[in-house]
Each structure stands twice: as C-alpha cells, then as structure tokens.
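Scroll down for the structure; my scribbles are underneath it.
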Amino acid sequence: MNAPDAPAPATADRPAHAASPAHASDELRAALSEAGLHAPVTGGAADADVRIGPLPPADARQLARLIRTGTKRTLKTTRALREICAGHRIELPGLRVRQGRITLGPVRVEDAARLARVLGAVPPPAVRPAPAAGTDAAFVGALLSHAFPEATGGGALSVCVREEAPGLLDLGAIDARTARRLVRALRF
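Going by this note's numbering, the letters in the sequence shown line up with residues 2 to 189, in that order.
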C-alpha cells in the first residue's frame with residue numbers, strides 16, 4: 002500500500018512525469034535529463050535566473066540540434082510567410098521568430114493596408130484604389146484587426162499605431178499555427 006505522500010505509480014494512460022516541476026530550473030534539469038544531457042542547472046526561484054553549467058562539446062551540439070529541431074517548423078512557417086508577403090508586395094522587415102512566436106514587427110501603413118485588403122478587409126483594387134500614402138493609421142489598423150481573425154479562423158493580431166511615427170504600425174506576435182493559417186489565407 003502506498004504512503005499518502007508517495008507519488009502514484011505510472012500507468013499506461015498516465016505518464017510518470019504528469020506533474021510539472023515547481024521551478025524553471027527543475028523543469029530544465031528534467032528536460033536535459035530526458036534528452037540524455039547532463040549539465041548542472043542552478044537558480045530558478047522566483048527572483049533568480051536559471052543558469053546552465055558547463056556542457057561537454059558533444060552535449061552542447063546535441064542541445065543545439067534539439068533546439069533547432071524544436072523550432073524547425075516555426076522557422077519554416079516564418080520563411081513561407083516572408084515569401085508569400087513578398088509575392089503580394091507586402092514588406093514585413095521586422096518578421097522574425099522570438100521566444101517561439103512569430104513577430105510581424107513594424108510595418109508601413111501602406112503595407113498594412115495591402116495586407117488587410119488581401120485578407121478581405123476592403124474591396125479588391127479594381128473596385129477601390131489602394132490607400133494612398135498618409136492613409137489614417139488608426140483606420141488601417143482597425144481594418145487589419147478585423148480582417149485578421151476572420152481570415153485566420155480566429156487568430157488574433159495586436160495592431161498598435163506608432164504615435165512617434167504616424168506612417169508605421171506595430172504588428173504583434175502570433176503563434177506558428179496562426180501563422181500557417183495566415184499563409185494559407187494569403188495564397189494566390
């Protein structure tokens with residue numbers, strides 16, 4: 002019979018590691034161990050940084066491979082998004098992966114208006130001319146904020162007007178799944 006505080010044994014439908022570790026250092030230590038990598042991990046309390054101690058070169062290479070493998074799909078989606086936007090003449094110079102999410106970054110109002118139009122926010126260019134330079138950034142931001150979730154099946158995009166640079170909008174970050182839906186919505 003198990004003691005009251007003893008963990009329940011793992012079963013076929015419940016893995017032994019179901020409970021998450023209390024601190025970030027514990028979580029990292031467990032992940033490194035599961036990957037067969039052994040490195041000292043310190044810190045992780047609410048106010049302390051987590052530090053990974055020295056790794057042998059082979060373990061460092063393996064850790065780098067694991068990180069690349071884990072982010073491969075996100076990086077591939079970012080590349081596809083960059084290419085399809087270029088095909089629509091939409092410049093997203095700040096497009097990059099940060100902390101596992103795809104940041105769209107600052108964009109000119111004209112490019113944001115073009116993105117909104119391609120996503121169905123306004124009639125096609127044959128019916129209505131493209132927004133001219135100096136188009137109201139708040140209006141374009143609202144169009145894009147409305148069109149984005151409809152085109153991506155519910156994905157949300159943060160759109161902020163830059164007060165110090167009225168010709169730019171700041172587009173937030175989206176997860177890779179939403180980015181893949183955005184790529185599909187932008188297909189010709």
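Just so you know, even glycine gets a beta-carbon here, dropped at the ideal spot from N, CA and C.
All of these numbers come straight from a predicted model, not from anything done at the bench.
Inset, instruction - State yes or no: is the C-beta of leucine 105 within less than 7 Å of the C-beta of leucine 64? - result: By the CB criterion at 7 Å, leucine 105 and leucine 64 fall outside the cutoff.
Inset, instruction - Using 10 angstroms around the beta-carbon of glutamate 111, count the other beta-carbons present and answer buried if the total reaches 16, otherwise exposed. - result: Of the residues assessed, glutamate 111 falls on the buried side of the cut-off, its CB having 16 or more other CB atoms within 10 angstroms.
Inset, instruction - Please report how far the alpha carbon of aspartate 137 lies from the alpha carbon of glycine 155, in whole angstroms. - result: Approximately 25 Å between the Cα atoms of the pair.
Inset, instruction - Label serine 34 either buried or exposed according to how many other C-beta atoms from any shown protein chain fall within 10 Å of its C-beta, with 16 as the threshold for buried. - result: It is exposed - the Cβ of serine 34 has fewer than 16 other Cβ atoms within 10 Å.
Inset, instruction - Check each candidate in Ala87, Leu187, Ala32 and name the one with the smallest Cα separation from alanine 117. - result: Answer by Cα proximity: Leu187.
Legend entry - Any non-hydrogen atom of the ligand FAD within 6 Å of glutamate 84 CB: Inclusion of the ligand FAD in the displayed structure is not the case, the ligand content being empty and no account of it being possible.
Inset, instruction - Within the same chain, show all residues whose beta-carbon is closer than 8 Å to that of alanine 127, passing over the 5 residues directly before and after it, in chain order. - result: Summary for alanine 127: the model assigns pLDDT 44, below 50, so the residue's position carries little reliability; its value from the coordinates is reported in the next sentence. For alanine 127, same chain residues with a beta-carbon under 8 Å away, outside a window of 5 residues either side, do not exist.
Inset, instruction - Count the other CB atoms, across all protein chains shown, that sit within 10 Å of the CB of glycine 142; report buried if there are 16 or more and exposed otherwise. - result: If you draw a 10 Å sphere on the C-beta of glycine 142, you find 16 or more other C-beta atoms in it, and that means buried.
Inset, instruction - On the DSSP bridge assignment, give the partners of cysteine 161 in chain order. - result: For cysteine 161, which the question treats as bridged, DSSP gives the partners Asp171.
Legend entry - Own chain residues within Cβ distance below 6 Å of threonine 179, not counting five before or after: So the qualifying residues of the chain are Thr153, Gly156.
Legend entry - Cα-Cα separation between glycine 51 and alanine 31, rounded to whole angstroms: Glycine is not the amino acid found at residue 51; the sequence shown has valine there. Distance between the alpha carbons of valine 51 and alanine 31 is about 13 Å.
Legend entry - valine 160 beta carbon less than 7 Å from that of leucine 145: Contact: yes.
Inset, instruction - Please name the residue in Arg102, Arg99, Ala114 whose C-alpha comes closest to that of arginine 90. - result: Selected option, being the one with the closest Cα: Ala114.
Inset, instruction - Specify the secondary structure class of valine 42 as computed by DSSP and reduced to three states. - result: Here valine 42 sits in strand by DSSP.
Inset, instruction - Quick one: using the 10 Å Cβ neighbour count with 16 as the cut-off for buried, is arginine 181 buried or exposed? - result: Counting of Cβ neighbours within 10 angstroms places arginine 181 among the buried residues, the total reaching 16 or more.
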